[in-house]
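Residue numbers (the working numbering), protein chains in the order written: chain E, 5 to 199; chain H, 29 to 1025; chain Y, 56 to 153. We put the beta carbon where it would ideally sit given N, CA and C, even for glycine. One structure below.
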Amino acid sequence: MVERQSPLEPEYYPGSHGNFEHGVDVILSETRPGSILQLAAWPGEEKRLMSAIYKATGLALPDGAGGGVTDGARSAFGFAPGKFTVVDEAEGLAAAFSGVVTPAIGTVTDLSHGRTAMRIAGPKAEWVLAKFFAIDFALPAFPIGAGRSTTHHDVFAQIQRTGADQFDIYVFRSFARSFWKALCHASEEVGYEVQ
Amino acid sequence: MSPRRTETGGRIDRLRTIRFTFDGTPYTGYAGDTLASALLANGVTLFGRSFKYHRPRGVLTAGVEEPNALVTVLRGEVREPNIAATMVEIYDGLVAVSQNRFPSLAWDVNAINQLGGKILSAGFYYKTFMGPVIGPLKGTRFWMFCEHFIRRAAGLGRAGTAADPERYERMNAFCDVLVVGSGPAGLMAARAAADQGQRVILCELEPHFGGSANWSGETIDGTPVADWAARAVGQLEGHDNVRLLPRTTVWGYYDGNTLAALERVTDHKEAPAKGEPRHRYWAIRAKSVVLATGSFERPLVFPGNDRPCVMLAHAAERYANEFGVLPGDRIALFTNNDSAYRSALALKSAGAAIVAIIDVRQDLSSEMRKLATDAEAEILSGHAVVSTEGGKALSGLKVQRFDMVSGALTGDARSIHADCLLMSGGWSPTIHLASQAGARAEWDAARQAFLPPKPTQKWVGAGAFIGSFSTAEAIAEGRAAGLSAAGATGAPTALPVVDAAPGDPDPAPVFEIKAKGKSFVDFQHDVTAEDVRLAHREGFVSVEHLKRYTTLGMATDQGKSSNVPGLAIMAEALGKPIPEVGTTRFRPPYSAVSIGSLAAERFGDLKPERLTPMHDWHIANGATMYSAGLWYRPMIYGLAGETIEQAYVREAKATRDSAGIVDVSTLGKIAVQGPDAAELLDRVYTNMFSTLAVGKARYGLMLREDGLAFDDGTTWRLGEQNFLMTTTTANASKVMQHLEYFLDVIWPELKVTVTSVTDEWAGAAIGGPKARAILAACVKGTAVDNVTLPFMGIVHGKIADVPVMICRLSFSGEMAFEVYSGAGYGTHVWEALIEAGKPFGLVTYGLEALGTMRIEKGHVTGAEIDGRTTARDLHLDWMLSKKKPFIGSAMMDREGLIAPDRLQLVGLVSLDNRPLNGGAHIVEELDEANPHGSIGHITACCYSPALGKHIALALVSGGKARHGTRAFVSDPLRNRFGPIEIVSNHFYDPDGSRMHG
Amino acid sequence: MLITCPYCGPRDVIEFTYQGDGNRQRPQPSSQDLDAWNAYVYDRLNPAGDHNEIWQHSGGCRAHLRVVRNTLTHEISSSGFARGDHKAAARHKSEAKS
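Here's what the structure looks like:
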């Protein structure tokens, strides 16, 4: 199997950077999931789509806008009315949905190459992300598992909180290197490690 | 150590000496000093020269409202002008210089302007601009003549030209309660809201929290108020629901309770820590806001009120109590209210002699008389200061009897020897943010001040901000405001007990002492009381006009101290009460904001950019990149010594001779999926897509609702309910929004999902006579012959083990294919194609060759689909289906859109064999001296290697009927005139035999 | 200015794209009534006060919203999905004033 090329490669420097002498307050990484899918339900078919997601992945999505769930290997979250992002470490998740999401329910769009996933974790993750996005990252406003759609300038981003101080950010692949550089730059102040 | 430093006292750290320079002279101060306090401590009284008259100026205030003591701070090559010395915290190595003086601060040649006061009076810019009515310098010529001299003489600090290497950042913050100002009111509010469990942000523009608590000398529950404040801050620091932001000025109050603040993170440090920004721009969305911004003391307007060592009373009190600096040894005070008496006592306690308190009021309370006695000061009630004496420092002043009601001065002037004169003209609440947030301020006759308007957004006020000038009131109101902002009603509780000097908060309504000499209202812009009256005499009645004509309040301090006195003088001139004259509305920013903080990360290396999957390959293989919107695309792959033209001509020629490959990953790609996908496409495209077979592609054209051309591209049917739409690179997001709008708003019944998949696919277009052979050599799993892969056909296969999708379509006019693969495999597939192409002479080509070949073919792009052209103008009317309505179909046949003289797409051939230029006009008759009579313009041009000529595409009136005729290019800007022939836009292979093979 | 997206909650106006006057009535696709088309394409209300507007949350969930905005004060008195059938997805009630 040919390995997928990361768009971050020339700007991806594992190790500690920035003001890390005072401690590393965030850890940055590219998670490189094998599958990133976008699922959309026709109006009124959201519940059926959510059960299809459960059938294919075992992920039970909570009700409500932006609700989401993660089990480590797989994650899913709502990012728009009737629309969900479903992510799997392994490749080939689209095939698992082919018989499950019928044309009567909605559509499946494979974005495994088109979106790049970055993870920011650590006590200053909220602080660093607040430099980019005008959304409230505090835990009560943005619970674990939940997803948000937002924008940093022209860079559209979907963000899922996958831990108390951990967020996964999905951006368009073409913007990924640019955003990654900005993310590293913004993390210098707090000291960061690239894994 | 220094002449003006007190032995003890102040909140400075006397164990930490700081070294800095001002105008090249080395000085020392203590940690905690501002540049103003440190220079005062060193006996410096002269800080700068005034704006117009170059009068010597000292420091007037101790805070953000400072109009006089503006300096330039130098950091390496970077100079930042117009910083108030009162706001500069000193650090080791600080370099500051004074401004608006030549050759030196002490000896300034432009001080002669003081003698020419009449010329520089109110409206002098306007008058100069108008100029004399007749003569060689009539009208604006006079301004042009004078401008150079005026600009040199009048002004502030010089801006630097060195690039600013500092880092600036933006922060987004959310909170339940934002408290602005950390005096006793703000601290109580923050505490009350925090105790309710609210998320609180407390912003203080000074380095230390506490506001007046830092210098008022009062006690709370028996402890000094400064200690009380420090303890309150310590308690707030213990709350994890509270964010404390010192050195943070809230400068804008916008809709939706969104506030803007500037945090000066490192200005007080020798060097920032790694990654630390100099400034942070905080965008704060607050559920509610507590405004506890305090108040400004006002100067009195009298002759010589601008002389160095004339200072606001509370500022001197602050220098003594907070910084351990006495602004003078023999201090006189001039006041219209009680607050100056407390200042007098404080300065006396700090070691100064109070020589006199001059009060415009005849009748003084016994409490004030007692305070004056305690300060061992002579009281001159019913008196006013009529002049000051001295040069770069004060030597004395003259007083006369004064009648508050008539304003009359009587009796002989008496001289008083003093080296410092403190003035207090009453207090103006700092209502700027409230004014920005909504309604007009309201005049309060008792306080002689504008009080904040009724809230139109969610804020509550407390303390001096609402005209409650005592600390006891501030504490009670602060707590109530904090609770109210938190949506709580707290149980009554015992409030801290304040021990403060007594005083009536209401001043006497006296703003100006009319005596001979220049009396300054706006110190920074050198606007005098006489200027205000002159403006009135010249017919200015509106306060907004007065402000602009005199420039009162328009300097960098935005009239913080001058606004109310200016209005009072205007009102008197108009013979109207102040509330009828009204006030101007405050606009953001409250105080100066660095441009860097507004730009934040959005410049330089951090500007968002889009890269294709093969970007690094292009760079590694000699591509010159070109920015197209946010995208970067190869322009040419130049060989050593090649010009751009040589490179693209070689690339285009090689493509037509053998084969060429180009990165087309930037094309907009939209997945259109669902049972109604074909129906949607029929509605948005002018031509039919429901009839398209699976595995085929079709060229489509979209119109706007008004019938003009919008975008074009091919759409591929990958499955019955699954299409891949391509758009032009530039219009990708517009087309996406167009589709989303119609699906959401107009046709919600259609079951279609549209998703941007531009980034999912890497695209390589390979074209030329050898293109098919190259594909055949590397594609596995499918044939690519004419039967399996006809024109507009799609096949799936593998290249170098990677799944690919190949569509046979052509932009270059050659036999061509677009090869799509997952973006993560883009470079892998690209390299495999390059390798396979080596035996066939495959070249890589960039945007220049791409453009050249499309011009030769006469294809349109955004240069021709410019928002003004119709399908017919572009000869695309064959695509307008008559079998169905589509977006734009109803409007496209309006008479103006089908007129025969419309600009239509044509080709041009240069007849003088010289290059043509984009944007050049086409004329029927050449008139180089007087270019006129344009019949159209060039949209794109190139040297055509296929034709061996300079050619262009153009939009020409009635163009189609002009084929075969001659005209001229008329391009006076570039001085290019010459003959051309108008031809069909299809220059090359018009019957398409090459691409159909 | 903040606009409350029924899906995403209150967001800064920078995340939204104005998509035109919400009072426009698109004629039937096959209509040949040029006056009606003209009114739809070109005629705009310009009220000093409450105005029906269409905004797209283009920097968020990308849903189109119907928003009533006061053109004098920027006060937004209501906002909801342009699609009626998205009601179930709403999390955030439109707030008259926040």
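Helix, strand or coil at residue i [DSSP, three-state]
i, result
"tyrosine 369 of chain H", "helix"
"cysteine 970 of chain H", "strand"
"phenylalanine 137 of chain E", "coil"
"proline 457 of chain H", "strand"
"glutamine 42 of chain E", "strand"
"arginine 942 of chain H", "coil"
"threonine 59 of chain Y", "strand"
"threonine 34 of chain H", "coil"
"lysine 185 of chain E", "helix"
"proline 662 of chain H", "strand"
"alanine 412 of chain H", "strand"
"phenylalanine 179 of chain E", "helix"
"tryptophan 645 of chain H", "helix"
"glutamine 74 of chain Y", "strand"
"isoleucine 979 of chain H", "strand"
Of the residues the options, the one placed nearest residue i, counting alpha carbons only
i, options, result
"histidine 949 of chain H", "H:Ile1008, H:Gly924, H:Tyr347", "H:Ile1008"
"leucine 634 of chain H", "H:Arg370, H:Glu197, H:Asn333", "H:Glu197"
"alanine 94 of chain E", "E:Glu197, E:Leu41, E:Phe179, E:Pro18", "E:Leu41"
"glutamate 35 of chain H", "H:Pro636, H:Ala69, H:Val525", "H:Ala69"
"histidine 903 of chain H", "H:Trp256, H:Leu933, H:Glu558", "H:Leu933"
"glutamine 701 of chain H", "H:Trp744, H:Leu695, H:Ala421, H:Trp659", "H:Trp744"
"threonine 781 of chain H", "H:Ile1010, H:Ser761, H:Gln749, H:Asn349", "H:Gln749"
"proline 127 of chain E", "E:Phe136, E:Ile163, E:His156, E:Asp169", "E:Asp169"
"arginine 60 of chain H", "H:Ala124, H:Ser393, H:Ala651, H:His296", "Rather than arginine, the amino acid found at residue 60 of chain H in this sequence is glycine. Among H:Ala124, H:Ser393, H:Ala651, H:His296, the Cα nearest to that of glycine 60 of chain H belongs to H:His296."
Chain-order list of residues whose beta-carbon lies under 6 Å from that of residue i (same chain, five-residue window excluded)
i, result
"glutamine 9 of chain E", "none"
"alanine 601 of chain H", "Arg561, His564"
"cysteine 231 of chain H", "Val208, Leu273, Thr276, Val278, Ala289"
"leucine 626 of chain H", "none"
"alanine 1026 of chain H", "The requested residue 1026 of chain H is not part of the displayed model; chain H covers only 29 to 1025."
"lysine 87 of chain E", "Ala44"
"methionine 199 of chain H", "Arg308, Trp310"
"proline 537 of chain H", "Gln476"
Nonlocal neighbours in the same chain, by C-beta distance under 7 Å from residue i, ignoring five residues either side
i, result
"serine 619 of chain H", "Val92, Thr277, Trp279"
"leucine 133 of chain E", "Ile124, Phe141, Phe171"
"glycine 1025 of chain H", "Asn814, Met843"
"methionine 56 of chain Y", "Val68, His129"
"glycine 135 of chain Y", "Pro61, Leu120, Arg121, Ser149"
Beta-carbon neighbours of residue i, restricted to chain A and to distances below 7 Å
i, result
"aspartate 772 of chain H", "Among the protein chains of the structure shown, namely E, H and Y, there is no chain A."
Neighbourhood of residue i by C-beta, 8 Å cutoff - its chain only, sequence neighbours within 5 removed
i, result
"glutamate 404 of chain H", "Lys376, Ala381, Ile382"
"phenylalanine 845 of chain H", "Ala793, Ile794, Gly795, Ala799, Arg800, Leu803, Val812, Leu817, Ile834, Cys835, Arg836, Leu837"
Examine the Cβ distances between the region 331-340 of chain H and the region 448-456 of chain H and report whether three or more of them are shorter than 8 Å. In short, these stretches touch, since the Cβ pair count reaches three.
Residues within the region 99-131 of chain Y neighbouring chain H, beta-carbon criterion of under 7 Å: For the region 99-131 of chain Y, the beta-carbon criterion of a distance under 7 Å to any beta-carbon of chain H is satisfied by Ile109, Gln111, Ser113, Arg117, Ala118, His119, His129.
Measuring CB atoms only, is the region 382-396 of chain H touching the region 349-364 of chain H, in the sense that at least three cross pairs come out at less than 8 Å? Inter-segment contact for the region 382-396 of chain H and the region 349-364 of chain H is present: three or more beta-carbon pairs are separated by less than 8 Å.
Any C-beta of chain H within less than 7 Å: which residues of the region 37-61 of chain E qualify? In summary, the residues of the region 37-61 of chain E whose CB is separated from some CB of chain H by less than 7 Å are Gln42, Ala44, Trp46, in the order they occur in the chain.
Report yes or no: do three or more beta-carbon pairs, one from the region 79-94 of chain H and one from the region 110-122 of chain H, lie closer than 8 Å? Because the criterion of three Cβ pairs below 8 Å is met, the region 79-94 of chain H and the region 110-122 of chain H touch.
The region 882-902 of chain H touching the region 729-742 of chain H, judged by at least three CB pairs closer than 8 Å: The region 882-902 of chain H, when compared against the region 729-742 of chain H, does touch it at the 8 Å Cβ threshold.
Can we say the region 218-228 of chain H touches the region 513-526 of chain H, given the rule of at least three CB pairs closer than 8 Å? With three or more CB-CB distances shorter than 8 Å, the region 218-228 of chain H counts as touching the region 513-526 of chain H.
Within 8 Å, do at least three Cβ pairs link the region 70-86 of chain Y to the region 948-966 of chain H? By the C-beta criterion, the region 948-966 of chain H is judged not to be in contact with the region 70-86 of chain Y, since fewer than 3 inter-stretch pairs fall below 8 Å.
Listed in chain order, which residues of the region 140-164 of chain E have Cβ atoms closer than 8 Å to some Cβ of chain Y? Within the region 140-164 of chain E, the qualifying residues are Arg152, Ser153, Thr154, Thr155, Phe160.
Would the region 413-422 of chain H count as touching the region 565-577 of chain H if we require 3 or more Cβ pairs under 8 Å? Not touching, per the Cβ criterion.
Using a Cβ-Cβ cut-off of less than 9 Å, list which residues of the region 271-296 of chain H approach chain Y; keep chain order. Taking 9 Å as the Cβ-Cβ cut-off against chain Y, the residues of the region 271-296 of chain H that qualify are Tyr282, Asp283, Gly284, Asn285, Thr286.
Taking 8 Å as the threshold, find out whether the region 662-673 of chain H comes into contact with the region 713-722 of chain H through three or more Cβ pairs. Look at the beta carbons and you see the region 662-673 of chain H not touching the region 713-722 of chain H: under three pairs across the two are nearer than 8 Å.
Which residues, in chain order, does the region 74-103 of chain E contribute to contact with chain Y at a C-beta distance below 7 Å? Per Cβ criterion, the list reads Phe83, Ala84, Pro85, Gly86.
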